[in-house]
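Numbering (this note's numbering), first residue to last: 343 to 391.
From the three backbone atoms N, C-alpha and C, an ideal C-beta is built for every residue, glycine too.
Report on one structure; see the data block that follows.
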Amino acid sequence: MLALIGLVLLVMWLLGFVAFHVTTGVIHVLLVLALISIIMHFLRGRTVA
Numbered sequence: 343m344l345a346l347i348g349l350v351l352l353v354m355w356l357l358g359f360v361a362f363h364v365t366t367g368v369i370h371v372l373l374v375l376a377l378i379s380i381i382m383h384f385l386r387g388r389t390v391a
């Protein structure tokens, strides 16, 4: 789940940065949140349900 959220945030950052040429701090906050969520996903590992 965290990896999916991270991936969505990363795609939003790329679209905002490349397609719309937005250079505000919000875009970079999205990148940081995406990276944190991806790192947390790999640190937690798989949980057994």
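Nonlocal neighbours in the same chain, by C-beta distance under 8 Å from residue i, ignoring five residues either side
{"i": "S379", "result": "L344, A345, I347, G348, L351"}
{"i": "L385", "result": "none"}
Cβ shell of residue i (< 7 Å), same chain only, five flanking positions each side left out
{"i": "A376", "result": "G348, L351, L352, W355"}
Spatial neighbours of residue i in its chain, beta-carbon cut-off 6 Å, leaving aside the 5 residues before and after
{"i": "H392", "result": "The chain is shown from 343 up to 391; residue 392 falls before or after that span and cannot be answered."}
Environment of residue i [buried if 16+ CB atoms lie within 10 Å]
{"i": "L372", "result": "buried"}
First and last residue of the uninterrupted alpha helix (DSSP H) at residue i
{"i": "M354", "result": "344-356"}
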